[in-house]
Amino acid sequence: MEQLGTPGNSSTVNILIGAFDGVEGLEKCLHLVKKWDLRFTCYTYKCLLQAYLRADDLNRALQVYREMRRKGYKLDSFGYNMLLHALAKDEKVDQVYQVFEDMKKKHCEPDEYTYTILIRMIGRLGKPNDALALFHEMLSKGCNADSMTYNTVIEALAKSRMVDKTMVVFSKMVENNCRPNEFTYSLILNVLAAEGQLGRMDEVLEISSKYMNRSIYGYLVRMLSKLGHATEAHRLFCNMWRFHDKGDRDAYFAMLESLCKTGKVTEAIDMLGKTHEKGIMADTSMYNTVFSALGKTKQIAHLLDLYEKMKQDGPKPDIFTYNILISSFGRAGRVDDAVRIFEELENSDCKPDVVSYNSLINCLGKNGDLDEAHMRFKEMQERGMNPDVVTYSTLIECFGKTDKVEMAYSLFDEMIAEGCCPNIVTYNILLDCLEKSGRTADAVDLYSKLKEQGLTPDSITYAILERLQSGSQRTHRIRRQSPITGWVVSPLRWGRANEGTSAEGYRIVGNIGDQWSDLLGANVGKPNYESAWMMMN
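Under my numbering, the first residue of the sequence shown is numbered 1100, with each subsequent residue one higher.
The following block contains the structure:
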């Protein structure tokens, strides 16, 4: 059109405004308006304002809006809502109220979307009563509230912990046949938990009984478990179990995890045996969750029984199953069982990975069979696996605790030569070995390497340095009886034991290897090597 020298009209400009993206394209449109000597219509202004809002240019959108007002034009409800939403998002509170009043003066009735925008803004400002007043105004104007509106009001009230008013609005929502969704329930659950009123969950279930289904039950069980409210989660789970023929797999798994985390492993085993009653097949992840809990509490008899059941009835063990079992047997000092499981792993469809070897090496080394542990270390290298920081740290600790400091230091040097970077735990282990063997100069050199590597010393590092500086190895320590290797001397630690506190405030528990256990969580289904260390200790 431009090339032919044919001028466009207002409709052409309106189409172009809708087609262009970004401010630059809109400026081209305005240039054409001037070139063709066109006048803006009300519709052109609407298109331009909405285009600026889509381009996130609120200032230019406001300029267009003010020009429209001067010329006596008005927006439709869609245009007003777009502008109000942008202003509210940018926290232009005064301008939101001004545009809202203009809207009413221009006889453009606010709809449910308009009110929802204002209610959300006011709720975020921490004015729940004002938000509630707007909601009542909206209903009095004949607007129909949808789930978004109800959720917005409930969110404003819940944020201010107004439990009773939250419940009233929730009841109104159900009464008006508006189905609550997961977000609705999460808002109510969080405010009840925050105010210590989880007992009112029964009231929530009664109010929304006509909408309660397996999916919602499952969601609530997962949420309660995640928030650490195991008792309420279990009670709700039992309701779901009684009233629904089919179970929710995610809710079941969340309940299983919750029972295991709270030490109710017997109940977890019982649940695992009843999955089929609700049409849920117990899978490997479920078994792994229970295996991990049994291993941590050293309930080896139950662990063996459950493993035999798994082999007989299915499902098949996976690599995580084997790794958990090896770690569990190692923790309980059952070296022969750990080796047997490792051999089963080698003969299965799964093959040992780095975590498998780390678990076995830890088991052998911590239970006094250092030669076998070192042999397995060599074996994994021969099979093309690269030992990681956990592998090296485990062996360094085991050799150090048996006064084989030269071997520990040799492994440390090999670790660096192989490109495996030591972390602060590795350094702490070796520093502790050197300090106990009286090799002060080597310990000081090692500390220098630690600093050169850019690592930050922690409380254990400083505790060892304090012992080095004092020139005495008679620092107060807790001694723990190990059923396999005898007495283990613990380094100084922050925060758990009540006795043996030094002038610096360090407290003494565990051994240096236990530092990993404090920091890392158990793993039942993800290839996280650090988590494997947690299972080993």
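Even for Gly, the Cβ is constructed at its ideal location relative to N, Cα and C. Since the model is a prediction, treat every value here as computed from it, not as a measurement.
{"Asked": "N1474 classed as buried or exposed, judged by whether at least 16 other C-beta atoms fall within 10 angstroms", "Found": "Checking the sequence, you will find Met at residue 1474 rather than Asn. It counts as exposed."}
{"Asked": "Delimiting residues of the alpha helix (DSSP H) encompassing I1379", "Found": "Where I1379 is concerned, there is no enclosing alpha helix (DSSP H), given that its DSSP letter is neither H nor E."}
{"Asked": "Separation of V1524 from E1471, as counted between CA atoms", "Found": "24 Å"}
{"Asked": "Closest Cα partner of S1270 within the set Q1296, R1313, S1547 and T1283", "Found": "T1283"}
{"Asked": "Chain-order list of residues whose beta-carbon lies under 7 Å from that of V1640 (same chain, five-residue window excluded)", "Found": "With the chain represented from 1100 up to 1636, any question about residue 1640 goes unanswered, as that position is not in the structure."}
{"Asked": "For L1323 and S1176, the rounded distance between their alpha carbons", "Found": "41 Å"}
{"Asked": "Under 8 Å between C-beta atoms of Y1456 and I1440", "Found": "no"}
{"Asked": "C-alpha distance - V1273 paired with I1287, whole-angstrom precision", "Found": "14 Å"}
{"Asked": "Status (buried if at least 16 other CB within 10 Å, exposed otherwise) for G1327", "Found": "exposed"}
{"Asked": "Selection from M1506, G1483 and R1482 that minimises the alpha carbon distance to Y1491", "Found": "M1506"}
{"Asked": "Sequence-distant residues of the same chain with beta carbon closer than 6 Å to N1446, five excluded per side", "Found": "none"}
{"Asked": "Nearest-angstrom Cα separation, counted from M1354 out to T1143", "Found": "58 Å"}
{"Asked": "CA-to-CA distance, G1372 to T1396, given in whole angstroms", "Found": "20 Å"}
{"Asked": "Pairwise C-alpha distance: D1382 and E1513", "Found": "41 Å"}
{"Asked": "Alpha helix (DSSP H) segments (min. 4 residues) lying fully within the region 1362 to 1437", "Found": "1364 to 1371, 1383 to 1395, 1399 to 1412 and 1418 to 1430"}
{"Asked": "G1499 beta carbon less than 8 Å from that of D1531", "Found": "yes"}
{"Asked": "C-alpha distance - N1522 paired with Y1179, whole-angstrom precision", "Found": "58 Å"}
{"Asked": "Segments assigned alpha helix (DSSP H), at least 4 residues, entirely inside the region 1257 to 1296", "Found": "1262 to 1274 and 1281 to 1293"}
{"Asked": "CA-to-CA distance, V1504 to L1533, given in whole angstroms", "Found": "7 Å"}
{"Asked": "8 Å Cβ cutoff met for L1529 and I1495", "Found": "yes"}
{"Asked": "Beta-carbon proximity of C1449 to F1428, cut-off 8 Å", "Found": "no"}
{"Asked": "Anticipated Cβ contact below 8 Å, R1278 with S1246, distance rounded", "Found": "7 Å"}
{"Asked": "Proximity to Y1386 [Cα-Cα], best of T1539, T1330 and M1409", "Found": "M1409"}
{"Asked": "Expected contact under 8 Å - CB spacing of V1198 and L1183 to nearest Å", "Found": "6 Å"}
{"Asked": "Start-end ranges of the alpha helix (DSSP H) lying completely within the region 1172 to 1259, minimum 4 residues", "Found": "1176 to 1188, 1192 to 1204, 1211 to 1223, 1227 to 1239 and 1246 to 1258"}
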